[in-house]
Amino acid sequence: MLMPFEVWKDDSPTRLTIVKVNHPVYLRLERCYFGLKRIMGQEPDEVVEEFIQTIREVLTIGYTQPLRDWTSTMGVDLPRLYQSIEDISQGYPDAAGSLSELRLLIEELERSPVTLVQAALEKFFLDGYLDRAGLKVEQAPFSFGVRFSKATPQIESSLTETELTTYCKSCSWKSLIREGSSVPLILGGPLKWHQPILRVPPAKRLVIIQPGWHAASLSQVDLFQTPTGRSIGMGAEAVRVDEEAVSLTVWEAPSSGWSQQPREEENSDETLEPPNHRSQTESGTSVSSTHKIKVLFKAGWRALDTGLQRVIIDQNKNVRIERIQSAEELSVGSSLALWEDGAENDIDLDEGAPEGWQKEMENWKKPLRKLQSQPYILERRLRELGAGSSANETNIKNWMEPSDIRVNAPRDLENDFRAVLRYAQIPEGCHRYYMDLVSRVRTAHRESGRDAVASRFETAVSDLESELKSGAFTDGAVFETHGFTFQIHEIHAVGMDFS
């Protein structure tokens with residue numbers, strides 16, 4: 001196994017301890033959140049969507065920061081939230097009981113001086129659990145990082161007991177990702193939040209403090225496989241999960257007026273995302289990102305921009321072109337064919353196209369991406385808005401792609417494209433502007449040779465696949481065809497660079 005960080009000193013596995021925390025208030029709040037989401041989450045109502053989003057943030061940020069501390073700085077108005085609960089309960093009589101319970105739970109958290117993670121830390125360090133878990137380090141402090149916090153990337157001065165500071169030190173997240181940690185690292189929040197860095201473990205000793213109900217089905221394989229079974233990161237040999245996880249109960253005495261007996265509810269199959277996470281189906285943000293993917297090749301680490309098309313070779317030498325958004329989409333043991341276009345500098349591919357046209361295209365592409373995982377819904381909506389038979393799932397997925405090599409817009413401007421503009425809530429008076437813009441860019445691309453470059457690239461990738469399947473595959477091999485130079489690099493590990 002390759003050693004990604006010099007501070008590791010050796011290539012032995014990282015040891016990971018899961019601290020499972022029992023906190024009935026957070027458990028009830030999480031179940032309440034998912035219950036309300038099932039009842040109200042399908043309504044196309046901005047007020048309801050904002051309300052559900054606020055409850056999710058109260059829960060997830062509340063794992064690591066006291067509610068009464070962050071509400072004033074996070075833009076959440078608790079009196080307004082309580083009023084929203086009253087108002088919404090009038091329109092959703094089926095949810096009245098859950099909304100009433102929700103208010104009691106938030107009031108309980110508002111009174112609480114410490115969070116689930118902070119309470120666990122106090123017990124962990126001050127009540128002897130540290131020694132029982134075999135984690136005490138005499139010569140070096142722990143680093144403590146809470147990545148998914150809107151205020152700070154780590155808890156430091158806000159810890160309530162001064163004794164904790166003897167074990168904790170400030171943790172620079174960027175340096176942690178790039179250089180690794182020479183001391184044990186403690187992370188707060190559900191394990192799922194930290195999987196992007198576990199793929200390339202930054203420290204030799206890791207502790208994750210998470211709600212106990214999130215750890216019920218944890219297995220070694222879960223850390224390093226996607227739902228489709230592809231391995232990610234450095235693989236299961238990189239981390240050894242302690243068989244006996246530490247369990248803590250950090251909340252035992254409820255305030256008067258609050259019942260600790262939970263209602264009988266089904267456990268939701270859903271999982272919480274980190275508070276700063278915005279999925280493509282929720283956000284409508286651009287597919288591109290400021291984050292980079294860290295890929296470990298034979299020659300060392302290399303950072304790759306997200307959102308760009310990559311030529312990927314699987315272990316069976318099948319070649320595909322995909323727009324890679326995160327490390328999860330790359331598999332250890334597969335390869336990347338990084339490429340250069342020797343002819344690219346000979347022509348101006350955007351000559352004659354209006355300046356900033358790609359940004360203009362995003363105005364109607366972003367709304368489509370809100371339903372990126374549900375194109376069949378988009379197909380139905382676009383047909384209702386006047387689109388023809390070309391508005392099928394395959395074409396719709398193409399239309400929402402960023403405009404880089406190709407425009408990726410409907411060919412039928414009068415029907416399909418108008419329907420897309422209507423769906424994106426572009427004013428009718430602006431439709432002709434966007435239709436003319438697409439026509440001008442397409443004309444410029446034909447005249448500049450961009451379309452020819454795109455076709456040449458697709459042909460070159462096809463030739464590359466034929467060459468790989470007909471001969472021996474070697475790491476570092478170089479292949480030239482149709483003006484493109486491909487260099488093959490096997491993937492030994494992947495991770496994300498949050499810079």
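Heads up: the sequence shown begins at 1 in UniProt numbering, then just goes up one per residue. Here a beta-carbon is modelled for each residue, glycine too, at the ideal position from N, C-alpha and C.
Bridge partner(s) assigned by DSSP for residue i
i	result
residue 108	Bridge partners of residue 108: none, in fact.
residue 335	313, 490
residue 16	206, 241
Status (buried if at least 16 other CB within 10 Å, exposed otherwise) for residue i
i	result
residue 504	The requested residue 504 does not occur in the structure, where the chain is confined to residues 1 to 499.
residue 373	exposed
residue 261	Summary for residue 261: the model assigns pLDDT 45, below 50, so the residue's position carries little reliability; its value from the coordinates is reported in the next sentence. Exposed, by the Cβ-count rule.
residue 240	exposed
residue 93	exposed
residue 118	buried
residue 111	exposed
residue 328	buried
residue 47	exposed
residue 494	buried
residue 33	buried
residue 299	exposed
residue 462	exposed
residue 86	exposed
residue 506	No information on residue 506 is available, as it lies outside the stretch 1 to 499 that the chain covers here.
residue 443	exposed
residue 101	buried
residue 186	buried
residue 184	buried
residue 446	exposed
residue 97	exposed
Own chain residues within Cβ distance below 6 Å of residue i, not counting five before or after
i	result
residue 361	403
residue 486	337, 339, 464, 479
residue 282	Low local confidence applies: a pLDDT of 36 at residue 282 is under 50, so the model's placement there is unreliable, and no value is given.
residue 5	180
residue 476	none
residue 84	51
Backbone secondary structure at residue i - three-state DSSP
i	result
residue 322	strand
residue 380	helix
residue 23	coil
residue 94	helix
residue 416	helix
residue 87	helix
residue 51	helix
residue 481	strand
residue 260	At residue 260, the pLDDT of 46 sits below 50, so the modelled position is not reliable and the matter cannot be decided from this model.
residue 330	coil
residue 205	strand
residue 103	helix
residue 426	coil
residue 385	coil
residue 371	coil
residue 410	coil
residue 359	helix
residue 435	helix
residue 82	helix
residue 398	helix
residue 62	helix
residue 35	helix
Cβ-based neighbour list, residue i, same chain, cut-off 7 Å, excluding 5 preceding and 5 following
i	result
residue 29	59, 105
residue 190	210, 211, 214, 272
residue 8	180, 204
residue 13	237, 238, 239, 240
residue 421	364, 431, 434
residue 437	354, 357, 360
residue 412	388, 390
residue 378	368, 371, 396
residue 314	334
residue 418	386, 431
Residue i versus residue j: straight-line alpha-carbon distance, rounded
i	j	result
residue 401	residue 407	9 Å
residue 478	residue 491	16 Å
residue 410	residue 394	12 Å
residue 36	residue 63	20 Å
residue 295	residue 57	32 Å
residue 324	residue 336	11 Å
residue 382	residue 375	10 Å
residue 26	residue 103	13 Å
residue 90	residue 80	16 Å
residue 309	residue 320	10 Å
residue 488	residue 474	8 Å
Own chain partners of residue i with C-beta closer than 8 Å, once the 5 adjacent residues on each side are dropped
i	result
residue 367	284, 423, 424, 425
residue 88	40, 47, 48, 51, 95, 99
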